[in-house]
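According to my numbering, the sequence shown is numbered sequentially starting from 96. Since the structure comes first, as structure tokens, the remarks are kept for the end.
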Amino acid sequence: MNKLLVYLGVIGGLLLFFSCYNNNKDITKPTADGLANISFRDDIVPIVTSGACGCHINGKTANAVPFAIKDTIYYGAIQSRSTVFDKMAKGADHPGEGGIFFTPAQAEIIKTWVAQGAKDNYVPPAITGPVTYTINIVPIYKQVCKGSACHGGVGPNLDYAKMVSDKDQLSQMMSSSGANGHKGGTLSLDATTTSTFLAWIAQGQIL
Numbered sequence: 096m097n098k099l100l101v102y103l104g105v106i107g108g109l110l111l112f113f114s115c116y117n118n119n120k121d122i123t124k125p126t127a128d129g130l131a132n133i134s135f136r137d138d139i140v141p142i143v144t145s146g147a148c149g150c151h152i153n154g155k156t157a158n159a160v161p162f163a164i165k166d167t168i169y170y171g172a173i174q175s176r177s178t179v180f181d182k183m184a185k186g187a188d189h190p191g192e193g194g195i196f197f198t199p200a201q202a203e204i205i206k207t208w209v210a211q212g213a214k215d216n217y218v219p220p221a222i223t224g225p226v227t228y229t230i231n232i233v234p235i236y237k238q239v240c241k242g243s244a245c246h247g248g249v250g251p252n253l254d255y256a257k258m259v260s261d262k263d264q265l266s267q268m269m270s271s272s273g274a275n276g277h278k279g280g281t282l283s284l285d286a287t288t289t290s291t292f293l294a295w296i297a298q299g300q301i302l
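The following block contains the structure:
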């Protein structure tokens, strides 16, 4: 009798476990309302900074573009790779080493976000203090613009003098979030990047 009770208890526990597992899977599936209101920072960034893209977090791999280091998230570096994420979500291989895959729910969210324009819906607070090239622009340039396939690599290196001389082009680029003005093609620039550059330009491009 005791063995029968133990056996029934085990079977019941397994049924309960798998029932909860399936319910959890259903809960995590994106809803139609959720897909219609995807937030770059609330939905996309958590996917990229927890799990599949771990090599890009906290400098775990030297040749991986950092998406986050400690409490700092490089939103521009994430958003600028929307095309890569879209291809991976549709089944393409990770461009680097290793078999990296998104879950079906993550893939659906990423594909929908890209189809909606891969936008950053965050509205940064107004910049009221001074914005300088040395303190504000250089860190953005190093994280968002530099790379072997970008500026400082196959593209021209940009310094203070070059950015000042290309003021009109920079203004066009930042005003359109990267859709216009970039000679190397369309970019996806986050709101913090564009607002900082525009404030710097408006303040006279202080060194």
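Don't be surprised by glycine CBs; every beta carbon is placed ideally from N, CA and C.
Within the same chain, show all residues whose beta-carbon is closer than 8 Å to that of residue i, passing over the 5 residues directly before and after it, in chain order.
| i | result |
| --- | --- |
| residue 279 | 245 and 250 |
| residue 130 | 203, 204 and 207 |
| residue 236 | 246 and 253 |
When burial is assigned at 16 or more other CB atoms within 10 Å of the CB, is residue i buried or exposed?
| i | result |
| --- | --- |
| residue 179 | exposed |
| residue 154 | exposed |
| residue 301 | exposed |
| residue 255 | exposed |
| residue 298 | exposed |
| residue 230 | exposed |
| residue 140 | buried |
| residue 288 | buried |
| residue 171 | buried |
| residue 138 | buried |
| residue 209 | buried |
| residue 213 | buried |
| residue 187 | exposed |
| residue 263 | exposed |
| residue 119 | Residue confidence for residue 119 is low, a pLDDT of 33 falling below 50, so the modelled location carries little weight; the figure read from the coordinates is stated next. So residue 119 counts as exposed. |
Beta-carbon within less than 6 Å of residue i's beta-carbon, same chain only, minus the 5 sequence neighbours each way: which residues are those?
| i | result |
| --- | --- |
| residue 136 | 217 |
| residue 270 | none |
| residue 277 | 268 |
Between which residues of its own chain and residue i is the CB-CB distance below 7 Å, once the five residues before and five after are set aside?
| i | result |
| --- | --- |
| residue 290 | 219 and 222 |
| residue 189 | 183 and 195 |
| residue 152 | 144, 162 and 163 |
| residue 273 | 281, 282, 283 and 284 |
| residue 241 | 247 |
| residue 239 | 171, 172, 175 and 288 |
| residue 165 | 153 |
Per DSSP, what are the beta-bridge partners of residue i in this structure?
| i | result |
| --- | --- |
| residue 246 | 241 and 250 |
| residue 301 | 227 |
| residue 163 | 152 and 168 |
How is residue i classed by DSSP in three states: helix, strand or coil?
| i | result |
| --- | --- |
| residue 288 | helix |
| residue 272 | coil |
| residue 203 | helix |
| residue 296 | helix |
| residue 84 | Any question about residue 84 goes unanswered here, given that the chain covers just 96 to 302. |
| residue 278 | coil |
| residue 141 | helix |
| residue 235 | helix |
| residue 131 | helix |
| residue 256 | helix |
| residue 266 | helix |
| residue 218 | coil |
| residue 210 | helix |
The ligand NAD and residue i: does the residue's C-beta get closer than 8 Å to at least one heavy atom of that ligand?
| i | result |
| --- | --- |
| residue 171 | With respect to the ligand NAD, the structure offers nothing, as it holds no ligand at all. |
Any contact between the stretch 189-200 and the stretch 213-226? By contact I mean 3 or more CB pairs, one from each, below 8 Å. Contact fails between the stretch 189-200 and the stretch 213-226, because fewer than three Cβ pairs, one in each stretch, are under 8 Å apart.
Are at least three pairs of beta-carbons, each pair with one atom in the stretch 221-233 and one in the stretch 133-144, less than 8 Å apart? No, because fewer than three Cβ pairs between the stretch 221-233 and the stretch 133-144 fall closer than 8 Å, the two stretches do not touch.
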